[in-house]
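Structure first, commentary second.
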Amino acid sequence: MTEPAPSPRIRYLTRGDVAAVGGGSSELYVDALSRALVAHADGRTVQPLKPYLRVGEGHIADRIIAMPAHVGSVAGPGVSGLKWIGSKHDNPAAGLERASGVLVLNDPDTNYPVAIMEAGLISAWRTAAVTCLAARQLARPGFTDVALVGCGVIGGTQVTALLEQFPAITTIHAFDVHESAARALAHRVGERAEVRVAASAEDAVRSGDVVVPCTVTDRPYLTFSWLKPGSFLANVSIMDTHKDVFLGADKVVVDDWDQCNREKKIINQLVLEGSFSRERLHAELGQVLAGTRPGRETDDEIILLNPMGMAVEDVACAAEVFRRAEAADVGTCLSLY
4 MTEPAPSPRI RYLTRGDVAA VGGGSSELYV DALSRALVAH ADGRTVQPLK
54 PYLRVGEGHI ADRIIAMPAH VGSVAGPGVS GLKWIGSKHD NPAAGLERAS
104 GVLVLNDPDT NYPVAIMEAG LISAWRTAAV TCLAARQLAR PGFTDVALVG
154 CGVIGGTQVT ALLEQFPAIT TIHAFDVHES AARALAHRVG ERAEVRVAAS
204 AEDAVRSGDV VVPCTVTDRP YLTFSWLKPG SFLANVSIMD THKDVFLGAD
254 KVVVDDWDQC NREKKIINQL VLEGSFSRER LHAELGQVLA GTRPGRETDD
304 EIILLNPMGM AVEDVACAAE VFRRAEAADV GTCLSLY
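Take the sequence shown: its letters are residues 4 to 340, numbered as in my numbering.
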């Protein structure tokens, strides 16, 4: 007699559950992303262009994004999933985090959903882990000074991850339009590095070996002249850098060309103007990690990473969180029917 099929279930993970299995520090994300980005470079992923849901003519950060992807594996069927993440630029004024979301994972054998989890923690840490992986290849070895512009949740996670991954860091040059945010960051990480509250964004950037803008600006302010020789700029919040940075950098690296060349972001503007192209691009980050394209080759190169953010990254990290949660029986199991 055939055994009845088990009732489909979903494992639900809160932010606390995600943190309990290692989702609150950089190690999980760096390991998962190093594999996922190489898989992307090898063509072992499926990633449709993410649609932006916008209502009205609001701020550039006011949107909901659907980010689906499949990440293949050389050892099995891989994993499929979706990040559904919303953002409102004025949420912090109401005491809320700017962004919120969930991640859904599907069993690739049946396409049934098997997990749903809070996405904010994963999103922040995977973004920081991309910067760390890129810094290994694109920053000057032994760098000591990090410039951070924007000291909110994303900026704080970036700094924390960099400090975990690069023990040579001695100084964080922090600027925020709200000085209290920079001082709060100094309080949080001050035991691990000196935090200097900079007088301006320019002051911070000119001091950085690694420069990380994490703002919600819709207008560029960071010019090429601010970057010192040998610096690495991880353009996390995308719209901060003037066009001259893309045109003046020795190397421009992206996470995915098709994702970056859209939505009237700076690269897309330059392509439409005819002053930048895929041929001028140095590499996608996965190619550098896989060793098919070089990273930093000289100490004085100025290198720009433009990481648009990929569903491949979120799904790969969520899959590792889910694997650990299943092994430790963390979270709440819900019946699908």
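Glycine included, C-beta positions come from ideal geometry on N, C-alpha and C.
Note that this is a predicted model, so its numbers are computed, not measured.
Scanning its chain for C-beta atoms nearer than 7 Å, with the 5 sequence neighbours on each side dropped, one finds around alanine 328 the residues Arg14, Leu16, Asp20, Val24 and Gly334, in chain order.
Residue nearest to valine 156 within the set Val324, Arg129, Met120 and Gly75 is Arg129 (criterion: CA-CA distance). Valine 41 is positioned such that its CB atom lies no closer than 8 Å to that of alanine 252.
Counting every other CB atom within 10 Å of its CB across the protein chains shown gives asparagine 309 a total of 16 or more, marking it as buried.
By the beta-carbon neighbour count (other beta carbons within 10 angstroms, threshold 16), leucine 188 is buried. Using a Cβ distance threshold of 8 Å, lysine 246 and histidine 285 do not count as a contacting pair. According to the DSSP assignment, serine 234 belongs to no alpha helix (DSSP H), since it is labelled neither H nor E.
In the pairwise beta carbon analysis, the stretch 97-111 is classified as not touching the stretch 194-207: fewer than three pairs are separated by under 8 Å. The way I'd put it, the stretch 110-130 doesn't touch the stretch 140-153; fewer than three beta-carbon pairs between them come closer than 8 Å.
Along the stretch 24-100, the alpha helix (DSSP H) occurs as fully enclosed runs of 4 or more residues at 29-44, listed in sequence order. Counting only the Cα atoms, glycine 89 lies some 15 Å from alanine 97. DSSP places isoleucine 172 outside both helix and strand once states are collapsed to three, so it counts as coil. One alpha carbon belongs to alanine 137, the other to serine 240, and they sit about 15 Å apart.
Residue state for aspartate 302 is assigned as coil, using DSSP reduced to three classes. By DSSP's assignment, tyrosine 15 forms a beta bridge with Ile119 and Thr335.
Sorting Lys267, Gln290, Ile305 and Ser278 by C-alpha distance to the C-alpha of valine 214 places Ile305 at the top. In the DSSP secondary-structure assignment, alanine 328 is not bridged to any residue.
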